[in-house]
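For the sequence shown, position 167 matches number 153 in my numbering, and the numbering has no gaps at all.
Even for Gly, the Cβ is constructed at its ideal location relative to N, Cα and C.
These notes concern the structure reproduced below.
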Amino acid sequence: DFSPIDVPSTRRSFQEILDAWIQQVDPADFNQGLMDLGATICTPKKPDCGRCPLGPHCIAYRDNTVDQLPVKSKKIKRRTVYHHFFLIGTETGMLIIRKRPAKGLWASLWEIPNLAVSEATWKAPTLDGYVLEGDFKHVFTHLDMMIKVYRGPTFPEAASDSDQLIKFSTRDKYAFSRAVLKIFERYLPGIY
């Protein structure tokens, strides 16, 4: 079977096969034997199929595909993106928020105004007219988002159609991403 071994459905299939075999012997002995077999004979780099007691049951040995197994899923190459997030209106207990698009990252969640920026822009020490509150890395399965948080009177780009000015105390009525909640916790401690 050329299904990736690190996929849940494949693991379930193997578990069903092993469950049938394990019922015939002491489970502790079976597990120890399987671990010993994997450590000494059925190794990924140099399997010694001629000495393997499971040879008569081994499909990879029968089909001469031992060198092609096990198959693992291809790793997703991680990438890094850079964002500036803006806390606008917080001096008055208000906050500008906007709704994200229905597709993509954080689909349909609410967020504070932000800009995707280049690495060079992100690394710049200041942003004219704004106070840098801090920065942090937010980790996803497929990317790292480097976030800088600024406080200021206005957003540096045109307003979005979905922009809303809300009382910060009503924020629980809106679904925010974990990254935005981290911003609230870290940079608005007095009112969070």
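Pick out whichever of the options has its Cα sitting closest to the Cα of residue i.
| i | options | result |
| --- | --- | --- |
| ASP53 | ILE62, CYS35, ASN100 and HIS69 | CYS35 |
| LEU23 | VAL11, GLN9, CYS38 and ASN100 | CYS38 |
| SER155 | LEU20, VAL117 and LEU81 | LEU81 |
| ASN50 | LYS153, PHE(-12), ALA110 and PRO175 | PHE(-12) |
| HIS70 | VAL117, ARG157, MET21 and GLN10 | VAL117 |
| ARG(-3) | LEU91, PRO56, GLN18 and GLY19 | PRO56 |
| LEU174 | VAL125, PHE126, GLU119 and SER94 | GLU119 |
In whole angstroms, what is the alpha-carbon distance linking residue i and residue j?
| i | j | result |
| --- | --- | --- |
| LYS89 | LYS31 | 42 Å |
| LEU167 | ILE45 | 51 Å |
| TYR178 | PHE170 | Any reading at TYR178 must be qualified, since the residue scores a pLDDT of 44, below 50, and its modelled position is unreliable; the value itself is stated next. One C-alpha to the other measures close to 6 Å. |
| LEU151 | PRO99 | 11 Å |
| GLU77 | ASP121 | 20 Å |
| ILE74 | VAL(-7) | 44 Å |
| ARG48 | ASP5 | 23 Å |
| THR29 | SER(-5) | 23 Å |
| GLU2 | GLY79 | 57 Å |
| PHE0 | ALA110 | 52 Å |
| HIS43 | LYS61 | 31 Å |
| GLY138 | THR112 | 13 Å |
| TYR160 | ASP114 | 30 Å |
| TRP92 | THR140 | 23 Å |
| ALA106 | ARG157 | 33 Å |
Residue range of the beta strand (DSSP E) that residue i falls in?
| i | result |
| --- | --- |
| LYS109 | Looking at the DSSP string, LYS109 is not in any beta strand (DSSP E); the run it does join, the alpha helix (DSSP H), is 105 to 109. |
| GLU119 | 117 to 125 |
| GLY138 | 129 to 138 |
| GLN150 | 150 to 153 |
Going by the CB atoms, is the gap between residue j and residue i shorter than 8 Å?
| i | j | result |
| --- | --- | --- |
| SER104 | TYR68 | yes |
| SER163 | LYS85 | no |
| LYS134 | TRP96 | no |
| SER59 | PRO13 | no |
| ARG64 | ASP130 | yes |
| MET21 | THR66 | no |
| HIS124 | ALA165 | yes |
Could you spell out the range, first to last residue, of the alpha helix (DSSP H) harbouring residue i?
| i | result |
| --- | --- |
| VAL166 | 164 to 173 |
| ARG(-2) | -6 to 8 |
| ARG84 | Here ARG84 belongs to no alpha helix (DSSP H); instead the beta strand (DSSP E) covers 80 to 85. |
| GLN18 | 13 to 26 |
| TYR160 | First-last for TYR160: undefined, no H or E at that position. |
Run through the DSSP bridge pairs and tell me what residue i is partnered with.
| i | result |
| --- | --- |
| PHE72 | TYR136 |
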